[in-house]
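If you count by my numbering, then the sequence shown holds residues 1 to 590, one letter each, in order. Structure first, commentary second.
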Amino acid sequence: MLRIAQALDTQLREAMQRAFPEVDALLDPQLVPASKPEFGDFQANGALPLAKPLKQAPRQIAAAIVMALKADSAFTALCLEPQIAGPGFINLTIRPERLAAELATRLGDQRLGVPAVENAAPVVVDFSSPNIAKEMHVGHLRSTIIGDSLARVLEFRGHPVLRLNHVGDWGTQFGMLITHLKQVAPETLSTADAVDLGDLVAFYREAKKRFDDDEAFQVKSREEVVKLQGADPLTLKAWGLLCDQSRREFQKIYNRLDIRLSERGESFYNPLLPGVIEGLKDAELLITDDGAQCVFLQGVIGKDGKPLPVIVQKRDGGFNYATTDLAAIRYRFASIPDGDAARRVIYVTDAGQANHFAGVFQVAERAGWIPEGARLQHVPFGLVQGEDGKKLKTRSGDTVRLRDLLDESVERAEADLRRRLEEEGRQETESFIQLVAGTVGLAAVKYADLSQNRITNYQFSFDRMLALQGNTAPYLLYAVVRIAGIARKGGDLDVATAQLQFNEPQEWSLVRELLKFDAVIAEVEEELLPNRLCSYLFELSQVFNRFYDQIPVLKAQSDALSSRLALCRLTADTLKSGLGLLGIATLERM
Ligand code: ARG
């Protein structure tokens, strides 16, 4: 209902101007969706703040605004008689015929009423971003699922989106890993495919241990880092092989989850790092502290009561994670061909990195590297916990591998399905069972993650996420299946130009719910909270199920029949589109 809300907002503003020209600069309709259905569709709270400047009772002001509104024929054609409530709220109800007309425009509209943005501008979504030679963990899974969904929403709105995988593919860890491998498994550094990621992770752990315990090993590792930085061919080759190895494993996960992502790892920014130091020097932000190059943060005080630094170059000349992120910021905002020309850059990582990003953003801001009107946003998320509320672990206490986690979800979905088929005495082919279990298993994992407010920690529970009832993927998928069932039973859902006519409250609830889709998408685009879309789709499914359980569809006649079929069709389209934006595929039968 974005379009209707916009029209209403203008009408209110103009009515307020006519009623109270003397306080023109203070006028704001404060139009919001009604807090309860019995209050209508919208509520305008703009009378209240005028009480003081006008020295009038807010209800009196509201009455004057309503009078002015009613003189506007465009308003009376859009709304029923406004109601003044409480201290001076104006409750507004859209005329049913206007709602039906709005709904009808969506029947032939692929975008389901969601306008494409007019000011489309490149957006970078930096997400997933695992580290080479380390296993992708559940934190990366969250980043991958949330980042993908945000990218989809931004794309749907019409922004060119750059999905960037900022993989950790550079740094001192390669020095110790390569040094260790040279000694214990040299073949891995010269032959492709000689190790799999699991082994690599084990080697990495051993190398780290040696690095911590053994000084000679430390020296060798540092030498190896220098060689890597100096582009020594053998070291570089070894590094390339290690990256390939990890990349292949990551790609398997991305393929399974249907994630598109362009890899642009930390190493990409290496040539730009000295420029960061130069730039900070030019901006007079750089301070040498104990041999390291730092920028001291404003308003961020450490335990010792002194401002905290962002260290951009270590005493040994090496650069940091923060230096790379500063280089990346400059590159992403710079115009093409030297950069991405982004207007908004979004980072999806765990909340533990909030300080890192706050620091880096502040430094970039003070250095003048953020163009006017451009936005840098950290999108933090909480931890994934087991049902015991502790960090998610396998029964043997190891960290959970993503592959195993996805496999288990699919296996459980398959077991559930087979049980259900048996109970219902249904016969289905093996390929049907595999398709349904695969879709439901992955949908459940994604949806469970996305439906939580990402800021809070979230408890991982297969039982909960695979349940057919509640705010779960199976519940939503089932609503889509129900509608497909109506078509199978002979309902023609292709009612393109139905004369829409609704009489039942359950129908009107569904109409109103369907019309909210555009506003929800705009909100997710702004707030970057996919759980808002999930809540909406859940609510829509519930309203639909109530409608479907209480109102006959296929037994209805003529106009009522086609109007109800139109509701079914739009519900299915909205659910499919919304789930699609969450990266979730739907089914016709399950
Ligand atoms: N590789 C990092 C990690 O695993 C995440 C990188 C996020 N992106 C960034 N531009 N810093 O925690």
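Glycine included, C-beta positions come from ideal geometry on N, C-alpha and C.
Spatially closest choice to residue i from the options, by CA coordinates
i, options, result
"LEU27", "ARG454, GLN542, ASP9 and PHE217", "ASP9"
"GLY438", "ASP416, THR456, ARG454 and LEU450", "ASP416"
"ALA467", "ARG488, GLY485 and ALA443", "ALA443"
"PHE544", "LEU112, LEU575, VAL520 and GLU525", "LEU575"
"PHE357", "ILE370, ASN471 and ASP325", "ASP325"
"LYS390", "ARG420, VAL348, GLU408 and PHE460", "PHE460"
"LEU582", "PRO87, ASP109, ALA484 and ILE145", "ILE145"
"ARG248", "LEU273, VAL195, GLU525 and PHE211", "VAL195"
"ILE259", "ALA151, GLU278 and GLN353", "ALA151"
"ALA60", "ALA34, CYS79 and PHE20", "Note that residue 60 is Gln in the sequence shown here, rather than Ala. It is PHE20 whose Cα lies nearest to the Cα of GLN60."
"ALA64", "PHE75, LEU80, GLY88 and ALA74", "GLY88"
"ARG532", "ARG454, PRO371, ARG315 and LYS555", "ARG454"
"LEU297", "GLY291, VAL276, ALA367 and TYR331", "ALA367"
"GLU345", "MET1, PRO307, PHE319 and GLY373", "First, the residue type needs correcting, since residue 345 is Val and not Glu in the sequence shown. Among MET1, PRO307, PHE319 and GLY373, the Cα nearest to that of VAL345 belongs to GLY373."
"GLU38", "GLU22, ALA85, ILE584 and LEU308", "ALA85"
"ALA354", "ARG343, ILE336, VAL379 and ASP316", "VAL379"
"HIS140", "HIS166, PRO337 and GLN434", "HIS166"
"ARG307", "THR394, PHE517, LYS314 and ILE287", "The sequence given here places Pro at residue 307; Arg does not occur at that position. Cα-wise, what sits closest to PRO307 is ILE287."
"ASN119", "ARG106, THR93, LEU107 and ARG157", "ARG157"
"VAL360", "LEU406, GLN377 and ASP350", "GLN377"
"ALA585", "ALA556, MET465, VAL436 and ALA448", "VAL436"
"PHE75", "ALA100, ASP109, GLU411 and ARG13", "ARG13"
"GLY536", "GLN550, ASP549, TYR548 and ASP518", "Note that residue 536 is Tyr in the sequence shown here, rather than Gly. Here the closest residue by C-alpha is ASP518."
Cβ-based neighbour list, residue i, same chain, cut-off 6 Å, excluding 5 preceding and 5 following
i, result
"GLN83", "ASN91"
"TRP170", "GLU266 and SER267"
"GLU155", "VAL161"
"ALA104", "LEU500"
Environment of residue i [buried if 16+ CB atoms lie within 10 Å]
i, result
"ASP591", "Here the chain covers residues 1 to 590 and nothing more, so residue 591 does not appear."
"GLY240", "exposed"
"PRO530", "buried"
"ALA322", "buried"
"VAL32", "exposed"
"GLY441", "buried"
"GLY490", "exposed"
"PRO552", "exposed"
"LEU112", "buried"
"LEU50", "buried"
"GLY470", "exposed"
"LEU540", "buried"
"ILE301", "exposed"
"SER143", "buried"
"GLY46", "buried"
"MET67", "exposed"
"GLU224", "buried"
"VAL400", "buried"
"GLU135", "buried"
"LEU234", "exposed"
"PRO593", "Any property of residue 593 remains undetermined from this structure, which presents the chain solely from 1 to 590."
"SER409", "buried"
"VAL184", "exposed"
Cβ-based neighbour list, residue i, same chain, cut-off 8 Å, excluding 5 preceding and 5 following
i, result
"ALA334", "ASP340 and ALA341"
"ALA77", "ARG95 and ARG98"
"ILE486", "LEU493, VAL553, LEU554, LEU565 and CYS568"
"TRP369", "GLY279, LEU326, ILE329, ARG330 and PHE333"
"ARG210", "MET176, HIS180 and PHE217"
Pair within 9 Å by beta-carbon distance, residue i and residue j
i, j, result
"ARG375", "ASP494", "no"
"ARG163", "SER267", "no"
"LEU236", "ALA207", "no"
"MET515", "ILE4", "Note on identity: in this sequence residue 515 is Leu, with Met being the wrong assignment. The answer is yes: Cβ separation under 9 Å."
"GLU513", "VAL153", "no"
"CYS294", "VAL276", "no"
"LEU450", "CYS534", "yes"
"ARG343", "PRO122", "yes"
"PHE319", "ASP350", "no"
According to DSSP, residues forming a beta bridge with residue i
i, result
"TYR478", "DSSP output for TYR478 lists no bridge partner at all."
"CYS79", "ILE94"
"ARG400", "The residue asked about is misnamed: residue 400 is Val in this sequence, not Arg. Answer is none; VAL400 lacks a bridge partner."
"THR288", "GLN293"
"LEU31", "ALA44"
"HIS166", "In DSSP, HIS166 forms no bridge with anything."
"PHE319", "GLN313"
Close-in-space but distant-in-sequence residues of the same chain around residue i (CB under 7 Å, 5 per side omitted)
i, result
"CYS243", "ILE132 and ASP169"
"GLU428", "LEU421"
"GLY147", "VAL125, PHE127, SER128 and VAL348"
"ARG546", "GLN506"
Cβ-heavy atom distance, residue i to the ligand FMN, below 8 Å
i, result
"SER562", "Although the ligand FMN was asked about, the structure shown includes only the ligand ARG as ligands."
Residue-chain proximity (residue i, chain B), Cβ-Cβ < 9 Å
i, result
"GLU206", "Of the protein chains in the structure, only one exists, and it is not chain B."
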